[in-house]
Structure formats: C-alpha cells, structure tokens
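A.B. asks: Heads up: the sequence shown at position 212 corresponds to 212 in full-length UniProt numbering, and the numbers run straight through without jumps.
From the three backbone atoms N, C-alpha and C, an ideal C-beta is built for every residue, glycine too.
So that we are looking at the same thing, I have put the structure below in structure tokens.
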Amino acid sequence: MACSSGSGGHPDPVDLDRATDQGQLPWTEVLLPPQTPTTVPFGPPGTDLPGEPRAAGIRVVGDRAGLYGGSPDRVLCDRQRLVDDLEGDPARLDAWSSVFQVDDVRNYVRTLTPVLLRADTRVTNHGFDDGHATAFQSVLQAGTIVLIDDHGVPRVRCMRGSPLLSPVVNQDAEVEGDPWPTFQQDRLYVVQPSNLAMTEVAVVDLMTGGLSTVPIGSGPQQPAERPNPVAPVEAQAPVPVVDSPPAVVQQAAPRPAPVPSPEPAPPPPPPPPPPPPAPVAVPPPAPEPPVYNPPPAPVPAPPQQIQVQIPGLPPIVIPIPN
Numbered sequence: 001m002a003c004s005s006g007s008g009g010h011p012d013p014v015d016l017d018r019a020t021d022q023g024q025l026p027w028t029e030v031l032l033p034p035q036t037p038t039t040v041p042f043g044p045p046g047t048d049l050p051g052e053p054r055a056a057g058i059r060v061v062g063d064r065a066g067l068y069g070g071s072p073d074r075v076l077c078d079r080q081r082l083v084d085d086l087e088g089d090p091a092r093l094d095a096w097s098s099v100f101q102v103d104d105v106r107n108y109v110r111t112l113t114p115v116l117l118r119a120d121t122r123v124t125n126h127g128f129d130d131g132h133a134t135a136f137q138s139v140l141q142a143g144t145i146v147l148i149d150d151h152g153v154p155r156v157r158c159m160r161g162s163p164l165l166s167p168v169v170n171q172d173a174e175v176e177g178d179p180w181p182t183f184q185q186d187r188l189y190v191v192q193p194s195n196l197a198m199t200e201v202a203v204v205d206l207m208t209g210g211l212s213t214v215p216i217g218s219g220p221q222q223p224a225e226r227p228n229p230v231a232p233v234e235a236q237a238p239v240p241v242v243d244s245p246p247a248v249v250q251q252a253a254p255r256p257a258p259v260p261s262p263e264p265a266p267p268p269p270p271p272p273p274p275p276p277p278a279p280v281a282v283p284p285p286a287p288e289p290p291v292y293n294p295p296p297a298p299v300p301a302p303p304q305q306i307q308v309q310i311p312g313l314p315p316i317v318i319p320i321p322n
C-alpha cells in the first residue's frame with residue numbers, strides 16, 4: 001500500500017522513471033518488443049491534452065479520446081510473458097495479486113489494454129523486494145508503455161511488469177532522479193477512472209497519427225484463457241481380501257435304499273359319447289292352389305261377303321252389310 005508521508009512526517013519522494021528505465025526492483029523479464037515505440041504522436045485536431053499547469057497535477061478522465069497512443073495491431077506489451085513469469089514464481093504471483101486484491105491474475109491481465117502515455121503521468125509504483133510489494137511514488141515519462149483497465153487507469157508498467165495504482169499527490173514532495181528535457185513538475189497528469197466501464201478506448205494511432213479505437217483487452221500477445229479444471233477422479237479403495245477358513249471335508253452319509261414307487265392307478269374309462277340329436281320334424285309342403293286358365297275368347301265370325309269371279313282378274317269381294 002502506498003504511503004502519503006515518509007519518516008519524520010515528510011512526504012515520500014517522487015521518483016522520475018524514464019520510458020526506458022528498467023527499475024531497481026523488477027517483477028518480470030522485459031515485456032517490451034525489440035522495437036519499442038517511445039515517440040509521442042501529436043494526434044489529430046481535438047486530441048490535445050489540457051495544458052493549464054497545476055501544482056497538484058492536471059486531472060484527466062481515463063476515457064478521454066486521445067489521452068493515450070496505441071495500435072489495434074502493433075505489439076506493445078507481452079502480456080502472455082507477464083502472466084507466465086508471475087505464475088512461475090508463487091511468491092511474486094501472490095505479492096503482485098495483493099496489490100490489486102485479485103485472485104485470478106491471468107483473467108485480470110486479459111482485461112487490460114496496452115497503450116503509450118502521451119504525457120508525463122503520476123502513479124503509485126511498486127517493486128518486488130523480499131517477497132513483498134513495496135510502494136513508491138513515481139512519474140512515468142511520456143512514451144512509457146503501460147496497461148490500462150476498462151476505466152482508463154494505468155495498472156501495469158510494461159517494462160518489467162510493475163503494478164500501478166492511483167498516486168498519492170503531495171505538493172511538498174521532492175522529486176528524485178534526473179529530469180528529462182521536457183519534464184515540468186507543474187505539468188504532470190493524474191488519470192482519474194471513468195464513470196462507466198469502457199468497451200473500447202480511442203487512441204492516437206502510432207502508425208497513422210489518426211484516431212483509432214482499440215477494444216478493451218484486445219491486441220497481440222494476450223494471455224490465453226485458463227483451461228477448465230478437470231475434475232479429479234477419486235481413487236477407489238482396494239477391496240480387502242478376506243482369507244476364507246479351510247473347507248472341512250465330511251464323509252458322505254450312506255444313501256438309503258430306494259423305496260419302490262407304487263403302481264400307477266389305471267386310467268379312468270372314457271366318457272360315453274353324447275346321444276345323437278333328435279330329428280327335426282319337417283312339415284309337409286302346402287298344396288299348391290290350382291291354376292285357373294280362362295277359356296279362350298270366341299273367334300269372331302268372318303263378315304259376310306260375296307265374291308264375283310271374273311276370268312283373268314282377281315276375285316272381287318263385295319261385303320254384305322248386316
């Protein structure tokens with residue numbers, strides 16, 4: 001934890017940490033790429049930082065557009081190496097996680113985003129000494145690569161993995177170290193967390209100089225997700241082998257003489273067949289009624305007529321009226 005005053009009531013001095021300084025109490029190996037960008041980009045119009053000098057530091061909110069430089073594709077900080085180095089040393093891992101009071105360092109680092117400071121920035125820095133995190137006040141030079149959280153606050157100095165917290169500002173604190181040419185004690189920035197968590201941060205692109213958005217937690221060399229733990233298989237206890245008592249061999253008793261089985265009874269006689277059914281009386285058929293044939297109708301008598309026979313001609317018929 002950072003202290004606001006040193007021995008005898010005097011405030012703790014403020015160390016000046018250049019962008020390329022590795023520090024006296026490092027946590028990890030160097031996490032920066034071989035070609036580390038340190039040039040601070042100017043940025044497009046509208047990304048100028050507030051410039052009114054303040055002895056207590058210039059306050060700026062972490063979600064301010066253009067507060068940081070960055071790149072969605074360029075390697076700035078090896079976050080995978082940060083996690084690997086910490087997980088490889090349990091004492092360092094515990095001390096580092098105690099600064100942020102987090103249980104899962106890997107997942108926490110996955111939420112951080114690498115950026116470049118565009119202004120000299122006040123922080124509470126930490127070194128690793130005798131198994132513990134030691135806090136001290138620090139100024140990080142513009143051009144320093146840091147990891148910020150989703151509220152825009154610097155959390156890790158990428159040079160050697162130093163954890164960072166908000167500064168303890170005291171106007172009477174003395175500055176220790178060699179100042180760089182652009183250092184001004186009344187132009188130091190203090191980053192305050194944004195009200196809402198960010199899903200992306202607007203940075204001045206280190207490649208183009210324009211304004212680019214970088215998703216929070218994205219970028220190259222992000223730590224791999226922690227694999228799901230495999231449920232341990234419970235070993236089954238061996239079944240104890242119980243020695244059975246020796247078998248007792250007994251003499252077989254003599255078999256009794258077989259008893260003759262009784263003669264089977266003769267089968268009963270078959271039942272008599274059922275009597276034949278009584279004949280069914282069929283009544284004689286009723287006599288058919290006689291068929292009545294009516295008498296034939298009388299043939300009418302031919303009409304009376306006279307035939308006159310003339311030779312060479314058919315007969316002439318002359319009817320005789322009644």
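Quick test of your reading: Ser138 and Asp48, contact by CB under 8 Å. State the CB separation rounded to the nearest angstrom.
C.D. replies: With 8 Å as the limit, Ser138 and Asp48 do not qualify as a contact, their Cβ atoms being about 25 Å apart.
A.B. asks: If you count every other CB in all the chains shown that lies within 10 Å of the CB of Met1, and 16 or more means buried, which is it?
C.D. replies: In this prediction, Met1 has a pLDDT of 40, which is less than 50 and means its spatial position is unreliable; nothing more can be read from the coordinates.
A.B. asks: Use the C-beta contact count for Asp103: other C-beta atoms within 10 angstroms, 16 or more gives buried, fewer gives exposed.
C.D. replies: Asp103 is exposed by the Cβ-count criterion.
A.B. asks: To which residues of the same chain is Ser166 closer than 6 Å at the C-beta, ignoring the five residues directly before and after it?
C.D. replies: Same-chain partners within the cutoff: there are none.
A.B. asks: Applying the criterion that 16 or more other CB atoms from any shown protein chain within 10 Å of the CB defines a buried residue, is His126 buried or exposed?
C.D. replies: Buried, since its Cβ has 16 or more Cβ neighbours within 10 Å.
A.B. asks: Quick check: what's the CA-CA separation for Val249 versus Pro269?
C.D. replies: Because the pLDDT at Val249 is just 46, under 50, the model does not fix this residue reliably, and the point stays unresolved.
A.B. asks: Using the rule of at least 16 other Cβ atoms within 10 Å of the residue's Cβ for burial, across every protein chain shown, is Asp78 buried or exposed?
C.D. replies: It is buried - the Cβ of Asp78 has at least 16 other Cβ atoms within 10 Å.
A.B. asks: Should Arg106 be labelled buried (16 or more other beta-carbon atoms within 10 Å of its own) or exposed?
C.D. replies: By the 10 Å Cβ count, Arg106 comes out buried.
A.B. asks: Give the secondary structure of Ala91 by DSSP, where H, G and I count as helix, E and B as strand, and everything else as coil.
C.D. replies: Reduced to three states, the DSSP call for Ala91 is helix.
A.B. asks: From which residue to which residue does the alpha helix (DSSP H) around Arg110 run?
C.D. replies: Note, Arg110: alpha helix (DSSP H), 105–110.
A.B. asks: Which runs of the alpha helix (DSSP H) fall wholly inside the UniProt domain "DUF6777" (60–214) and span at least 4 residues, in chain order?
C.D. replies: Segments of the alpha helix (DSSP H) lying fully in the UniProt domain "DUF6777" (60–214): 79–87, 90–100, 105–110.
A.B. asks: So what does Asp48 bridge to, in DSSP terms?
C.D. replies: Partner(s): none; Asp48 has no beta bridge.
A.B. asks: Using the rule of at least 16 other Cβ atoms within 10 Å of the residue's Cβ for burial, across every protein chain shown, is Met207 buried or exposed?
C.D. replies: By the neighbour-count rule (16 or more Cβ atoms within 10 Å), Met207 is not buried but exposed.
A.B. asks: What is the C-beta distance between Gly217 and Leu112, in whole angstroms, given that I count them as a contact (C-beta under 8 Å)?
C.D. replies: Between Leu112 and Gly217 the Cβ distance is about 7 Å, and since that is below 8 Å, they are a contact.
A.B. asks: Could you give the residue range of the beta strand (DSSP E) that holds Leu313?
C.D. replies: Note, Leu313: premise wrong, no beta strand (DSSP E); not H, not E.
A.B. asks: Near Pro220, what residues of its chain come up, given a Cβ to Cβ distance below 6 Å and the 5 sequence neighbours on each side ignored?
C.D. replies: So the qualifying residues of the chain are Val75.
A.B. asks: What are the boundary residues of the beta strand (DSSP E) that includes Asp15?
C.D. replies: Residues 14–17.
A.B. asks: What residues match up with Ile58 in a beta bridge as DSSP calls it?
C.D. replies: According to DSSP, which records beta bridges pairwise, Ile58 is partnered with Tyr189.
A.B. asks: Out of curiosity, what's the CA-to-CA distance linking Cys3 and Gly62?
C.D. replies: Here Cys3 scores only 43 on pLDDT, less than 50, and its place in the model should not be relied on; the value that follows carries that caveat. Approximately 23 Å, taken between the alpha carbons.
A.B. asks: Between Gly131 and the rest of its own chain, which residues show a CB-CB distance below 8 Å, the 5 nearest in sequence each way excluded?
C.D. replies: Cβ within range, chain order: Ala91, Ala95.
A.B. asks: Do Leu117 and residue 334 come within 8 Å of each other at the CB atom, strictly closer than that value?
C.D. replies: For the chain, the structure presents residues 1 to 322; residue 334 sits outside this window and is missing.
A.B. asks: Buried or exposed for Ala55, please, with buried defined as at least 16 other CB atoms from any protein chain shown within 10 angstroms of its CB.
C.D. replies: Looking at its Cβ environment, which holds fewer than 16 other Cβ atoms inside 10 Å, Ala55 is exposed.
A.B. asks: Taking the straight line between their C-alpha atoms, what separation do you get for Leu67 and Phe42?
C.D. replies: Cα-Cα distance, rounded: 11 Å.
A.B. asks: How close, in whole Å, do the beta carbons of Val115 and Gly69 come, if the pair is a contact with beta carbons under 8 Å?
C.D. replies: Sure, about 7 Å apart at Cβ, within 8 Å.
A.B. asks: Ser5 to Thr134, Cα distance in whole Å?
C.D. replies: At Ser5 the pLDDT is 46, less than 50, meaning the model places this residue with poor confidence and gives no usable figure here.
A.B. asks: Of all the options Pro37, Arg187, Pro26, which has the alpha carbon lying nearest to the alpha carbon of Gly161?
C.D. replies: The shortest C-alpha separation from Gly161 is found at Pro26.
A.B. asks: Let me confirm a value: Asp129 is counted as buried when at least 16 other C-beta atoms fall within 10 Å, else exposed. Which label applies?
C.D. replies: It counts as exposed.
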